[in-house]
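Report on the following structure.
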Amino acid sequence: APGRARRDRLRAVDAARRSDARAPLAWSLLNLAQLSAWASDPISATQYADSAEALLSAQSDLWGLGTLPTLRGEIARLVGDPVAARAHLAEGLKAAEAVGYPPGIVSLATALTSLELDEARPAAGRPWLELAQRTARAHGLAGWDRGLTYQTARLAIL
12 APGRARRDRL
22 RAVDAARRSD
32 ARAPLAWSLL
42 NLAQLSAWAS
52 DPISATQYAD
62 SAEALLSAQS
72 DLWGLGTLPT
82 LRGEIARLVG
92 DPVAARAHLA
102 EGLKAAEAVG
112 YPPGIVSLAT
122 ALTSLELDEA
132 RPAAGRPWLE
142 LAQRTARAHG
152 LAGWDRGLTY
162 QTARLAIL
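Count along the sequence shown from 1, add 11, and you get the number used in this note's numbering.
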């Protein structure tokens, strides 16, 4: 399935370039960056993210630009740079909080929890997990809240 998704996005990039459709081009490049990160390919992820960022900036696409810190955090984790990952994920969390997007807040707080636990820093991970739980519960995101059981157990073990 990831191979098919990549092929579909590459076709979308080609079509958007041919028709000079910059918004679809930017988002297709952003999707390719995300797919590359999920496939553990930080080089392609960075290249696609850089291309997407240039287009998103030129269009003042705040939603698209708001997703980039999270993606850059994922890429930093892939290359083993927890300091950069922490900074990017925190920036993404700030953007999600600024627009009031609860799923983004829960997702990013969970990513920050995981990062801290991976670094054997449970005291640093606890506030992020609590933020994720508090946000999920306050906004009726029961599935998201149940999904935090794994992080809760990891924190209890450390």
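Think of the CB as a built atom: it goes at the ideal place given N, C-alpha and C, for glycine as much as any other residue.
Treat the numbers as computed from the prediction; the structure is a model and nothing was measured.
With 16 other CB atoms within 10 Å as the buried threshold, where does residue i fall?
| i | result |
| --- | --- |
| A131 | exposed |
| T124 | buried |
| G84 | buried |
| W74 | exposed |
| A164 | exposed |
| R97 | buried |
| V117 | buried |
| D72 | buried |
| P138 | exposed |
| A60 | buried |
| I54 | exposed |
Please classify residue i: does DSSP put it in a helix, a strand, or coil?
| i | result |
| --- | --- |
| S5 | Because the chain in this structure spans residues 12 to 169, residue 5 falls outside the shown range and cannot be described. |
| L159 | coil |
| S207 | No information on residue 207 is available, as it lies outside the stretch 12 to 169 that the chain covers here. |
| E141 | helix |
Take residue i as the anchor and find which of the options has the nearest alpha-carbon.
| i | options | result |
| --- | --- | --- |
| E102 | P133, A37, T81, Y112 | T81 |
| L152 | L126, E127, P114 | P114 |
| R33 | S51, E64, W49 | E64 |
| E141 | D31, T121, L46, G14 | T121 |
As an exercise, report each continuous alpha helix (DSSP H) stretch of at least 4 residues that is fully enclosed by the stretch 14-72, in chain order.
Listed in chain order, the complete alpha helix (DSSP H) runs (minimum 4 residues) inside the stretch 14-72 are 33-49, 53-69.
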